[in-house]
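Protein chains in written order, with this note's numbering: chain A, 92 to 408; chain B, 2 to 401; chain C, 6 to 282.
All C-beta atoms, glycine included, are put in the ideal place defined by N, C-alpha and C.
Predicted model only: the values in this text are computed from it and were never measured.
Take a look at the structure set out below.
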Amino acid sequence: MTATDVKQRTAEGVEPRGIARWFSGLNRDKLEQAVVGYLFVLPDLIGLIVFMVGPMLMALVISVTNWKLVGDPQFVALQNYEALFTDPKFGASLGRTFLYTLGFVPVIYTLSLGMAVLLTRKSRGNTFFRTVYFMPVAMSLVVAGVIWRFMFDPSNGLINVILSGLGLPTSQWTGHVQSAMVAVLIVSIWKGAGYFMIILLAGIQDIPSDYIEAAQIDGANRWQAFRHIIMPLLKPTSFFVLVVLTINALQAFDQIYVMTRGGPAYATYTTLMYIYEKAFREWNFGYAAAMSVALFAMIFVLTVVQVRYFRAGEVKA
Amino acid sequence: MRKLSTLMTLALVLSFFVALTPAQAQDDALTFWTFEYAEDVDPFFEAYIEEWNATHDLQVVRQEFPWAQYTGEILTTGIATGEAPDVFFISPGDWRRYAESGLALPLEDYMPDYLLEDLLPASVEAVTLDGHIYSVPFEMEPVALWYNKTMLEEAGLELPVTWDALLAAVETLTTSERYGILIPTNPDYYENFVFYPFLWMAGADVVNDDFTAAAADTPEAARALDLWGTLVREGYAAPTSTGSDPTDERFPTGQAAMFVSGYWVYGWIEANYPEFLEHLAVAPIPAPDEGDAQITVYGGWTVMVYAGTDHPAEAAEFAINMFGAEDNARAAAWGIEYNTKLSPRQSVVADNADFYENFPHNVFANDIFPTARPEPSYPPEIAQAVWGGASGRDVRRGQR
Amino acid sequence: MKKSPMQLLGTGLYYAVALLLAVVFAGPFVWMVSSSLKPANEIFSNPPILVSDNFSLDNYESVFEKAPFERYMLNSFIVATSVTVAALLLHSMAGYALARLEFPGRRVLFMLIISTLMIPFYTILIPLALLVRELGWINTYWALIIPAIPHAFGIFWFRQFFLGLPSELEDAARIDGASRIGVFFRIALPMARPVAAAMAVFFFLANWDAFLWPLIATTRQEMRVVQVGIQSFTGEHGNAWEEIMAASVIAILPTLILFFALQRFIVDSVKMSGLKG
């Protein structure tokens, strides 16, 4: 355990800073690491730069123009960005996107972790349950959308029928501004939990069973083993899952669009929907690009906060 | 694991061989884009293109794309990357943007006189901007009030002809397992389309004649919004959609008594719910008060020619002849055989009088169509403002 | 082995929770399969019909009759398999380098790579389409395969995995004189099997289910992929739900089979016997 911590610390925390320090202690091993390191990263890096970073830089350029698909774009400096600050629709869409993220990330993380822990042991039953929990992940969104809309129907939908059968209050679900967000959250969580369960499951396998056995010999019960062995050692995976979940949530579009198209009365209208509408319906590509860049910047800042938090947590652990 | 990796390697090798085979060189041809029609509509295009290709050197290639992405992602990206088609179908909702940005080839010089005389003046006006005709209208789908006559009879109800009567009727018809009426719920162009008749009958409009100010902010418009708001607020109308708004499955499965939707509903029910036909009836949408004029809307796509085409004359000829040939047989077949749509060519109804004597075509041709206005084409910002309010749920929230 | 009452209670609770979740997760799947076997007019009936007297395979037949669905499946298979194989190799290498090897600029590169996850696809759709058109890849497999391979998700995940993996075995091999590349391929990569298996499922799934990009990158019917094929059953006024359901059942099978086949590797614990922390 100590070895792992030390390893993680050297990998994440105490790193020579700056190229100068790297050169100062240059030796054969360092050189080999650098050569192999770049060799290993390069193919992916080139691909990402060509197919992601390049197009994104182009979007950055578009964001300072008034490009409208037809005609020559004109340079408008920061006008699009200035307009963002006074656009109530943009602000409101951001608010809803953050609300969605707040509702989505903690719940789906807890649920997937619970499912992963529940199904860690190898057994035939677990193989079955894992496959079942994975089913929604593989289901097409169009089909999932129509089935859930049918189940959410306020009058004959299965969910209200069950709720009223149990004597519980029913809801208008996607039909009402106040419940629509809850309904789309339920569907998003249902659709994605199996996916993150697998990631966490693979992460749990990564933890040598000796550690858990050793702890149990020392008299730790299951909860203690989970709390003090699994959780700390799962940290790299948890970090990964939380970062990916947050980014996904802030870019939510498809799963909500098939349920509500942003309605009713814009109750589930996310920033990405607004970007889509500005670009592909209004051809206001400059403004859409500016929104994209702004959203990108916000996600970036949030991710840096997450990176910092996890690094800080590691040193304390 | 080893077997699997062998298999994967094999697949990889195979895929690269396939990938290396060069794509067939694209000859100089006219490209023609539509959204994806059902399989049984395809022969219509196939026959016309075959006929064209047999008689013209410049060949036509048709490509179809999924409905939901056709005007958004597909056409937009095509124009942006310079891959725009020469001839394409365009929706009323997008028409204005294309016409205003100079993407559409003016067609008035190519339109034969017989066609201009045959086409309904309103349908030509709907595709005209600043004196130029920017597309060819070929179909009309009016909106009406479909209802389940068995349910109305069982409830002892007369067909409502005023909004008060409509509200009273849907109140009676709504039960714990049944909606009184279905109206569109997804905030989108389609919701606007179905809402326009209500807005117009109340005496309001979306914008004034020169598009300078929103005319929707009037007591008349509020009355139409309030009707839709009441329908949803009181639980008479479903607040959500299930399968799709234009063909809501809850109507033919007995989960709703009335359904505001278009002419196509008949073809859809005939194909999928034949057992429901005996309950099906249709009437014009009720007007606000006794004696008010009934007004409805008709939608329908039009065919446009890309202004940047290398072959303007051929592209225009291809586009116009598809539905505008001197012999109106193809224009008629489009609406009667392949779809449930009306033709904007007046000769079609006249030449197919037998067909238009039967239910429900008679109701549409005689009662509903004469009151129909073409779907207006607004800039996206205005369209969004309409569906933002039309949901009626906005109204409900406002009243709290 | 006799169980104590507490253990029995625990087992009972475990099954109760697992089953309840299973109903929620599998319910819509059952509904989909049932709908795919029914005529159109029974899909939305009330009360819902789960097992119909009119069950038949007609919808499946018409999926293949109305569209060259087998061709779509071949295309998707070629794309998904190629991307998966290439992605596993490249991302494990990149992830390993970022986790284990020290070289200048590593942290900056890592942030750059993660930041590509934050780019909304709609934002780069048109620039990417322009690029792929310039490359002459429209309507080729290249357009579907190559841009899909580089993906920060895979790199990031492998990096996190190697960060969490104790490095004793690798250190031992290093002391025995193995090269860095040798250590990666012979020691580290085999230990990454759980993650590699899970990632194979995810990359296959993501590319098998790819929709928007293939839709833009191909215009010819023979280059279409499965999800575009399914979308072609939606239409102007309504959707052919019975065919969409049948096509979706067909489309979900390869992924579920792959998952089922690979999941024993996902839950295969890393062999670390003999090593104590």
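Kindly indicate which three-state DSSP category residue i falls into: helix, strand or coil?
i	result
A24 (chain B)	Its pLDDT being 48, under 50, A24 (chain B) is placed unreliably in this model, and the coordinates cannot settle the point.
M350 (chain A)	helix
T32 (chain B)	strand
E107 (chain C)	coil
I91 (chain B)	strand
S383 (chain A)	helix
I182 (chain B)	strand
H319 (chain A)	helix
F166 (chain A)	strand
P380 (chain B)	coil
S262 (chain B)	strand
I134 (chain B)	strand
Y111 (chain B)	coil
T72 (chain B)	helix
T56 (chain B)	helix
F49 (chain C)	coil
P375 (chain B)	strand
T86 (chain C)	helix
T328 (chain A)	helix
T129 (chain B)	strand
A305 (chain A)	helix
Following the continuous alpha helix (DSSP H) through residue i, name the residue where it begins and the one where it ends.
i	result
I186 (chain C)	R185 to V188
P143 (chain B)	Not the alpha helix (DSSP H): P143 (chain B) falls in the beta strand (DSSP E), residues E142 to N149.
A148 (chain C)	Y146 to I150
L204 (chain A)	P179 to L209
V62 (chain B)	Not the alpha helix (DSSP H): V62 (chain B) falls in the beta strand (DSSP E), residues Q60 to F66.
V171 (chain B)	W164 to L174
S348 (chain B)	Q347 to D352
A1 (chain B)	As displayed, chain B neither begins before 2 nor continues past 401, which places residue 1 (chain B) out of reach and without an answer.
V125 (chain B)	P122 to E126
T303 (chain B)	No alpha helix (DSSP H) holds T303 (chain B); the beta strand (DSSP E) holding it covers T303 to V306.
V56 (chain C)	Where V56 (chain C) is concerned, there is no enclosing alpha helix (DSSP H), given that its DSSP letter is neither H nor E.
T310 (chain B)	Segment: none, T310 (chain B) is in no alpha helix (DSSP H) and carries neither H nor E.
Where do the N-terminal and C-terminal ends of the beta strand (DSSP E) with residue i fall, by residue?
i	result
T297 (chain B)	T297 to G300
P287 (chain B)	Neither: P287 (chain B) is in no beta strand (DSSP E) and is coded neither H nor E.
Does the distance from the C-beta atom of residue i to that of residue j stay below 8 angstroms?
i	j	result
V228 (chain A)	L24 (chain C)	no
P132 (chain C)	A379 (chain A)	no
F163 (chain C)	G100 (chain C)	yes
P245 (chain A)	Q263 (chain A)	yes
P361 (chain B)	Y267 (chain B)	yes
S245 (chain B)	N244 (chain C)	yes
W164 (chain B)	L228 (chain B)	yes
G389 (chain B)	P185 (chain B)	no
P33 (chain C)	A168 (chain A)	no
N149 (chain B)	N46 (chain C)	no
I221 (chain C)	A153 (chain C)	no
Y307 (chain B)	P86 (chain B)	yes
Assuming residue i contacts residue j under a Cβ cut-off of 8 angstroms, what Cβ separation, rounded to an integer in Å, is found between them?
i	j	result
Q60 (chain B)	T32 (chain B)	No, Q60 (chain B) and T32 (chain B) are not in contact; Cβ-Cβ is about 10 angstroms, not under 8 angstroms.
L106 (chain B)	A317 (chain B)	7 angstroms
D309 (chain A)	P155 (chain C)	Actually they are not in contact, since the Cβ atoms of D309 (chain A) and P155 (chain C) sit about 45 angstroms apart, beyond 8 angstroms.
S262 (chain B)	P247 (chain B)	6 angstroms
T243 (chain B)	F241 (chain A)	5 angstroms
Can a CB atom of chain F be found closer than 8 angstroms to the CB of residue i?
i	result
G255 (chain B)	As a matter of chain content, chain F is missing from the structure shown, whose protein chains are A, B and C.
May I ask you to verify whether the segment 174 to 188 of chain A touches the segment 245 to 260 of chain A, counting CB pairs closer than 8 angstroms and requiring at least 3? By the criterion of at least three beta-carbon pairs nearer than 8 angstroms, the segment 174 to 188 of chain A is not in contact with the segment 245 to 260 of chain A.
If we count Cβ pairs, one from each stretch, closer than 8 angstroms, do we get three or more for the segment 339 to 348 of chain A versus the segment 88 to 104 of chain C? no
Does the segment 181 to 200 of chain B touch the segment 127 to 135 of chain B, meaning 3 or more C-beta pairs lie closer than 8 angstroms? They do not touch, by the three-pair rule.
With a cut-off of 8 angstroms, do at least 3 Cβ pairs link the segment 286 to 306 of chain A to the segment 206 to 214 of chain A? yes
Is the segment 288 to 302 of chain B touching the segment 140 to 154 of chain B in the sense that three or more CB pairs, one from each, lie closer than 8 angstroms? yes
Can you confirm whether the segment 260 to 276 of chain C touches the segment 293 to 307 of chain A when touching is taken to mean that 3 or more C-beta pairs between the two stretches lie within less than 8 angstroms? yes
Touching by the beta-carbon criterion (3+ pairs, under 8 angstroms), the segment 175 to 190 of chain C and the segment 110 to 119 of chain C: No contact exists between the segment 175 to 190 of chain C and the segment 110 to 119 of chain C.
Evaluate the contact criterion for the segment 47 to 61 of chain C versus the segment 310 to 323 of chain A: three or more CB pairs, one atom per stretch, below 8 angstroms. no
Are the segment 111 to 125 of chain B and the segment 286 to 296 of chain B touching, with three or more C-beta to C-beta distances below 8 angstroms? no
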